[in-house]
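In the working numbering, the protein residues as written are 1 to 998.
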């Protein structure tokens, strides 16, 4: 009992060490679990939402649309749980200019169901549900009416369908028709599209824009009123996928098994079958056209024959009349009247030659009959020509049918191809990577501080330990006094850390995340296993340090422990050998130097602890500086143009005329901009930049006219980048990169996320959904957005643009009409404010779809998520620095109580004692700061380079002010600690402190 009382008394006396260990454990556990828990809560809530709304696991698209046969074939694939055939149509409407939307049929099989936020779901024809983004932009509300106009190429299959039929119709065969939706619409609900969780008021809405290949909005309509048997896409749910987390590798493996089966035999067979259907439909139309033409020609021939028969009868009647009259005249001149009477009673018989001669004579003598005969002959000639022409046309169509119908291509995609899904996953993964790195530093500091504190605690009880061991107490029992002390401090600190880690930090992160994404049903959850392991990690580290301190002391005999520890043998320090410096130092300065460098363990612990905390502060500020400069570097340094204007293809000419007539442009470059995807398939052969790398990135595909390739460098700074050590990158000379016809130039932001480098092979998807494998000729410095630059000729080669085959030798890229240059990059005159105002005024023009001012983007770019994480990191690092300095200062004082008492006996005033002790701590702190500043830059660079986020590349930047802030903050913490240490120095009693322990 006395042993326990003494142990509790000892614990109460060492309350400062207890608080230090508990606080360090609290901060470490909070960092370890907090960021992880916040990301995990977001992952889980999103996964639940996806499962509830039936977000598709696989989506199948086809260049020729999908038929019922395709849907039936997909249902038979092993591992497919559900298949939903979907119909959609692109429409346009007037909303402060021409806007586009996708009319999407709400599936009836429970896949991709929109989440109702307000109102009700549409049920009848003409009713729609819209997204909150549309409500915000349009100012409309539930009950508002809207009239839309279907685009001429509204469906994904229209381009193919236009060439399928022999008569140019949009039907692919006798029964399949493209989808068609009602045009007079009524808004009845506001929904969230499960394929895109972006918050319309958040970061993504501010910094991104839609190009011509992507519609501005999505309208959801019921099946009622939708016509057409041709499907735009098919969405699938995979068996067992819902049981896995959509963000885990196990889910990806489950889905990949099904996509591999579809890509295997089903895809190839159905592509061939679908093309054969199109060929059969074309042949049937040709046969039907020939039969219809033959019927029309037969009717026309019958009409001509009837008219000619009537004409011949009329002429023959005249011939008969003239022949009869001639015969009667001849008889009147004869000898007897009886013969004349007999001759007049009958028509003379004429031979065919005579009759034909009389016909021609009669026709020639009558203008009316001549004209009638010419009309009949002309009608027969025209009919014969039409017969020959139609037959030739049909034969030509028969010969051209196979070449006019392209090969059908299927595209099998998983959730990674959804821009909203991949953006959310990448954001959370990047933030979680920070949460995995920083606890390591906290753990190292915790072990160092625990070793320092517990070693001093055990050393203070040296004689007491010897007494207990001498009385027969086992060394384990004696050591348990300190092990339980450390364990209790870790458990209390860890418990508080779990509260902060699973409640405080996640709540803070999720508030920021909800400003970027809409995540219904978000809730905080506790992970017993991870939380227990987090505490256990720090418990093991601190107990290991405590055991080491106990072993170091208890390996001695009780007699040795009962005697005071022999002072450290005197030795010279390196500074003493530098005589010019040493001889000019004062006495107290020499004592300070000896105290600093002779006690190496204290030196290492203090400098290392301070350096670690300073490095964390610098690391956080480095991320903040990097993010803060992204907008300026991108929109003022990399983008040399001031304005980008995008229009619809049909309004491209009007847009250029409008901009030119305003007189604000000093130079411009016409380009084509499409939104697409860049995909890298994990191959392991090194062609993709990284062995086994994979992924997809939404890109902005920029096609440049062949004759103006050199002008691209005047609008965009082209600088090649290459990978360096520790994730760094090297930037080449400005202007040393040129766009050519041998490959594409990929933005660094996309290349870094996907592991792409010069020479890699990637798969590009253009705005029409056509995919092609392209070679990466270079990686260009780019921080925001994922631009991919391609020449006009190489674009034609990739995507089989027939009109662009010979553009390289044409007189003008515009005359070739290979591509519609739907965008313009322009340099403007005037101030930044006037340029921003001009861009806003352009968006009001009906021919302009989007106008982006680089000056406005540079000033308005923000990244709230990273800023919040940086603030959290800096705050925790500052707290750690304060705790570390407090622990080291108190340990330093406790080690030197007799020394301080001696100084007081020698006549030192309290202020002089303060200065004597604090000067050493300040010097050690300065040494730690000097070491921590470059260390923080290195760690910050490595962590920043590891953040692979969609359309963002973090080019590490640390401003001089950040170094100053980190140094001043650490020194301020050191001065603050002095305010707590000075009273302790004042309370040292020289008499009791100098008493002999014997």
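Glycine included, every Cβ here is placed at the ideal spot set by N, Cα and C.
Inset, instruction - Report buried or exposed for residue 461, applying the criterion of at least 16 other Cβ atoms within 10 angstroms of its Cβ. - result: buried
Legend entry - Given 8 angstroms, three or more beta-carbon pairs between the stretch 4-13 and the stretch 421-430: no
Inset, instruction - Mark residue 23 as exposed unless 16 or more other C-beta atoms lie within 10 angstroms of its C-beta, in which case mark it buried. - result: buried
Inset, instruction - Using a threshold of 8 angstroms, state whether the C-beta atoms of residue 383 and residue 297 are closer than that. - result: yes
Inset, instruction - Can you tell me the Cβ-Cβ gap for residue 991 and residue 897, rounded? I've got them flagged as a contact below 8 angstroms. - result: Incorrect: roughly 12 angstroms between the Cβ atoms, too far for contact.
Inset, instruction - Evaluate contact between the stretch 387-398 and the stretch 30-43, counting only Cβ atoms and requiring at least three cross-stretch pairs below 8 angstroms. - result: no
Inset, instruction - Find out if the Cβ-Cβ distance for the pair residue 828, residue 976 is shorter than 8 angstroms. - result: no
Inset, instruction - Spell out a yes or no on whether the stretch 886-893 and the stretch 576-583 are touching, meaning 3 or more CB-CB pairs, one atom from each, closer than 8 angstroms. - result: no
Inset, instruction - Return the first residue and the last residue of the beta strand (DSSP E) that residue 87 is part of. - result: Counting along the chain, residue 87 falls outside any beta strand (DSSP E), and DSSP gives it neither H nor E.
Legend entry - Bounding residues of the alpha helix (DSSP H) (the contiguous stretch that carries residue 514): 505-514
Legend entry - For residue 791 and residue 774, the rounded distance between their alpha carbons: 12 angstroms
Legend entry - Among 648, 820, 526, 267, nearest to residue 999 - alpha-carbon criterion: Here the chain has residues from 1 to 998 only, and residue 999 is not among them.
Inset, instruction - Tell me, please, which residues DSSP counts as bridged to residue 784. - result: 952
Legend entry - Assigned exposure category for residue 928 - 16 Cβ within 10 Å defines buried: buried
Legend entry - Supposed contact pair residue 33 and residue 490 - C-beta distance, whole angstroms, cut 8 angstroms: So it is not a contact: roughly 14 angstroms between Cβ atoms.
Legend entry - Coil, strand or helix - residue 754 by DSSP: helix
Legend entry - Spatial distance of residue 83 from residue 868 (CA atoms): 42 angstroms
Legend entry - the stretch 228-239 / the stretch 65-77 touching (three or more Cβ pairs under 8 angstroms): yes
Inset, instruction - Identify, in the order they occur along the chain, each residue of the same chain with its Cβ nearer than 8 angstroms to the Cβ of residue 251, setting aside the five sequence neighbours on each side. - result: 241, 244, 245
Inset, instruction - Counting only the same chain and skipping the five closest in sequence on each side, list residues whose C-beta sits under 7 angstroms from that of residue 254. - result: 238, 240, 241, 244
Inset, instruction - Return yes when the Cβ of residue 35 is within less than 8 angstroms of the Cβ of residue 509, no when it is not. - result: yes
Inset, instruction - Can you say whether residue 440 is buried or exposed, counting buried as having 16 or more other CB atoms within 10 angstroms of its CB? - result: exposed
Legend entry - When 544, 932, 873 are compared against residue 624, the one with the closest alpha-carbon: 873
Inset, instruction - Determine the DSSP secondary structure at residue 599, reduced to helix, strand or coil. - result: coil
Legend entry - Cα-Cα separation, residue 415 to residue 408: 23 angstroms
Inset, instruction - Examine the Cβ distances between the stretch 275-291 and the stretch 90-108 and report whether three or more of them are shorter than 8 angstroms. - result: no
Inset, instruction - Spell out a yes or no on whether the stretch 964-978 and the stretch 637-648 are touching, meaning 3 or more CB-CB pairs, one atom from each, closer than 8 angstroms. - result: no
Legend entry - Where the beta strand (DSSP E) containing residue 99 begins and where it ends: 98-105
Inset, instruction - Return the CA-CA distance between residue 784 and residue 798, expressed in angstroms with no decimal places. - result: 26 angstroms
Inset, instruction - Ignore the nearest five residues each way along the sequence and tell me which others in residue 920's own chain have a CB closer than 8 angstroms to its CB. - result: 592, 595, 596, 892
Inset, instruction - Return the first residue and the last residue of the alpha helix (DSSP H) that residue 980 is part of. - result: 960-986
Inset, instruction - Assign residue 192 to buried or exposed, taking buried as 16 or more other Cβ atoms, counted over all protein chains shown, within 10 Å of its Cβ. - result: buried
Legend entry - Counterpart residues of residue 765 in DSSP-defined beta bridges: 677, 771
Inset, instruction - List in chain order: all unbroken beta strand (DSSP E) runs of 3+ residues lying wholly within the stretch 26-72. - result: 58-66
Inset, instruction - Compare the beta carbon distance of residue 674 and residue 743 with 8 angstroms and say whether it is the shorter of the two. - result: no
Inset, instruction - With residue 121 as the anchor, note down where its beta strand (DSSP E) starts and where it stops. - result: It is not in any beta strand (DSSP E) - residue 121 carries neither H nor E in the DSSP assignment.
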